[in-house]
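Down below is the structure, laid out as structure tokens.
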Ligand SMILES: Cc1cc2nc3c(=O)[nH]c(=O)nc-3n(C[C@H](O)[C@H](O)[C@H](O)COP(=O)(O)OP(=O)(O)OC[C@H]3O[C@@H](n4cnc5c(N)ncnc54)[C@H](O)[C@@H]3O)c2cc1C
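Numbering (this note's numbering), first residue to last: 549 to 851.
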């Protein structure tokens with residue numbers, strides 16, 4: 549029930565204004581979000597890099613409602629790429645297609661994504677297209693596939709909660725498009741997605757094995773130690789070297805594990821979100837872990 553509630557609140561932009569009034573929300577959000585400015589985000593990238601952890605920057609914002617906002621986001625993301633180059637940090641970018649106008653106009657989002665990927669290519673920066681909820685899955689895959697035919701520095705994400713992801717993995721691997729594997733952060737109908745965590749986890753292990761067995765460089769994005777151990781074990785058993793794939797985790801989640809993997813010589817990248825529009829991202833993080841919600845509930849009346 550809590551997961552459903554927080555995933556509902558993720559869609560209510562007005563909720564942020566309410567939540568901002570309470571110190572406990574602001575405090576908990578700052579654990580998952582690096583700050584409101586690009587300077588804040590670059591500082592977080594530098595700190596990660598100092599610990600042999602790569603980064604990917606995400607300018608928060610999704611479900612953009614106007615063409616002007618979509619074009620503004622596109623310009624801002626190009627600015628991030630320039631800053632990554634100028635600062636010489638080990639970092640790439642993650643983008644959401646609804647931020648670039650996917651819900652408004654397919655030509656607009658295509659134009660925006662091409663501008664970003666083309667610019668990033670000149671600066672040797674990789675662009676990861678995040679996967680949003682299922683109404684956008686096919687269009688995201690189509691667009692990434694189309695753009696990948698011209699620019700190899702773009703990849704996307706597959707969610708193991710979806711039944712379709714095995715076939716999508718086969719297709720993307722065949723086209724040599726880099727994949728980030730995740731469990732999936734959105735509420736999806738039973739007709740298309742596993743309900744039980746165990747089924748999503750079992751599918752994660754199966755798809756992880758497909759990805760590591762493929763020829764492309766892919767990312768295993770999870771904080772779940774069982775999934776991480778299964779990945780290490782599979783790589784060891786197949787003599788897949790540590791530089792053939794990377795782990796990824798979210799800013800503010802399991803820093804101990806991020807450091808441990810880096811110390812063990814695995815490649816690890818942290819997803820660093822920043823910006824003003826943090827409500828949907830933050831609500832999804834609360835939905836993932838009841839303990840985060842109980843923390844807020846316990847401290848709510850202390851504000
Ligand atoms: C780098 C990265 C990029 C992602 N990109 C996408 C995307 O494009 N599309 C998409 O749908 N999803 C994305 N996700 C989110 C993903 O789908 C899961 O919702 C999220 O990673 C939680 O699942 P888990 O694999 O960590 O396993 P879980 O079984 O959910 O969690 C395992 C353990 O991890 C820790 N943990 C997990 N989440 C939290 C949290 N929020 N706060 C504190 N501890 C936590 C807890 O210790 C928990 O017991 C991404 C995740 C990562 C790491």
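Ideal Cβ placement from N, Cα and C applies to all residues, glycine included.
Starting from residue i, trace the beta strand (DSSP E) both ways and give me its first and last residue.
i, result
"residue 676", "675–677"
"residue 515", "The structure shown has nothing for residue 515, since the chain only spans 549 to 851."
"residue 793", "793–798"
"residue 646", "It is not in any beta strand (DSSP E) - residue 646 carries neither H nor E in the DSSP assignment."
"residue 722", "Premise fails: residue 722 lies in the alpha helix (DSSP H), 713–722, not in any beta strand (DSSP E)."
"residue 863", "Lying before the first or after the last residue shown, residue 863 is absent from the chain, which here runs from 549 to 851."
"residue 668", "Here residue 668 belongs to no beta strand (DSSP E); instead the alpha helix (DSSP H) covers 654–670."
"residue 766", "766–769"
Can you list, in chain order, the residues of its chain with a C-beta nearer than 6 Å to that of residue i? Leave out the 5 residues immediately preceding and following it.
i, result
"residue 768", "729, 756, 779, 795"
"residue 517", "Because residue 517 is not part of the residues shown, which for the chain are 549 to 851, the question remains open."
"residue 642", "604, 606, 676, 678"
"residue 829", "608, 821"
"residue 733", "832"
"residue 647", "609, 610, 612, 621"
"residue 628", "605, 641"
"residue 788", "760"
Nearest-angstrom Cα distance between residue i and residue j?
i, j, result
"residue 774", "residue 610", "31 Å"
"residue 827", "residue 578", "11 Å"
"residue 851", "residue 575", "The predicted position of residue 851 is uncertain, since its pLDDT is 46 and thus under 50; a value taken from the coordinates is nonetheless stated next. Rounded to whole angstroms, residue 851 to residue 575 spans 11 Å at the Cα level."
"residue 689", "residue 704", "8 Å"
"residue 671", "residue 699", "13 Å"
"residue 691", "residue 658", "7 Å"
"residue 654", "residue 785", "44 Å"
"residue 588", "residue 824", "12 Å"
"residue 673", "residue 714", "28 Å"
"residue 743", "residue 634", "45 Å"
"residue 623", "residue 738", "38 Å"
"residue 582", "residue 596", "12 Å"
"residue 546", "residue 639", "Residue 546 lies beyond the range of the chain shown here (549 to 851); nothing can be said about it."
I'd like the list of long-range same chain contacts for residue i, defined as Cβ closer than 7 Å, with 5 residues on each side in sequence excluded.
i, result
"residue 695", "661, 662, 665, 702"
"residue 693", "723, 725"
"residue 667", "626, 629"
"residue 874", "Examination of residue 874 is not possible in this model, given that the chain is present from 549 through 851 alone."
Which residue marks the beginning of the alpha helix (DSSP H) containing residue i, and which one marks its end?
i, result
"residue 627", "615–635"
"residue 739", "Counting along the chain, residue 739 falls outside any alpha helix (DSSP H), and DSSP gives it neither H nor E."
"residue 810", "803–811"
"residue 590", "586–598"
"residue 725", "No alpha helix (DSSP H) contains residue 725, which DSSP labels as neither H nor E."
"residue 835", "827–836"
"residue 685", "685–696"
Once you ignore the five residues that flank residue i on each side, which residues in its own chain have a CB closer than 8 Å to its CB?
i, result
"residue 614", "652"
"residue 601", "806, 807, 810, 816, 817, 818"
Can you tell me the Cβ-Cβ gap for residue i and residue j, rounded? I've got them flagged as a contact below 8 Å.
i, j, result
"residue 819", "residue 798", "5 Å"
"residue 650", "residue 684", "6 Å"
"residue 740", "residue 682", "6 Å"
"residue 644", "residue 680", "6 Å"
Which partner residues does residue i have in the DSSP bridge list?
i, result
"residue 787", "Per DSSP, none; premise fails for residue 787."
"residue 640", "604"
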